[in-house]
Amino acid sequence: MDWDRHNRHIYNKVIDSFAVIGKELASPVVLAENTYSVDEAGILSSVLNSLKVLAGRHELKTHRGACVERTLITSIECISADSRHLKPLIIWPATTHRSTWTTHPTRGWHYGHCGSGYTDTMISLHWI
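My numbering puts the sequence shown at residues 117 to 244.
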């Protein structure tokens with residue numbers, strides 16, 4: 117989503133959400149060690165089969181190539197309000213794991229694979 121649309125449509129929703137969450141977190145019965153945030157992000161990896169062009173963010177539509185192969189890689193992170201965390205989970209879109217995916221693996225990170233590239237119940241339970 118470009119920044120022009122983002123500022124117009126998202127800002128008030130984010131402010132309202134934090135107001136609601138802030139009230140809940142201020143309650144003395146909600147303990148930091150029991151408060152977690154989990155985030156899933158899709159990383160769209162692209163391999164261009166044509167030349168590469170440097171363009172401004174408002175010029176992307178005029179320079180987008182037709183020969184682009186895109187692969188979705190999913191990352192999931194989890195942290196508690198008192199700073200405890202799980203190591204990230206990286207999910208590759210494939211039916212089997214390939215050792216060439218991580219040329220520099222990070223110690224403790226978890227890697228999974230799924231045909232769609234998204235998480236599923238089995239991958240999530242194994243990670244947790």
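We put the CB at the ideal spot given by N, CA and C, even for glycine.
Per the C-alpha coordinates, the member of V154, K129 and T187 positioned closest to P209 is T187. The alpha carbon of L160 has as its nearest neighbour, out of I189, V154 and D132, the alpha carbon of I189. Within a 10 Å sphere around the beta-carbon of G231 sit fewer than 16 other beta-carbons, which makes this residue exposed. In the DSSP annotation of this structure, the continuous segment of the beta strand (DSSP E) that includes G228 starts and ends at H226 to C230.
Boundaries of the beta strand (DSSP E) harbouring I207: H201 to P209, taken from the DSSP string. Beta-bridge pairing by DSSP links G233 to no other residue.
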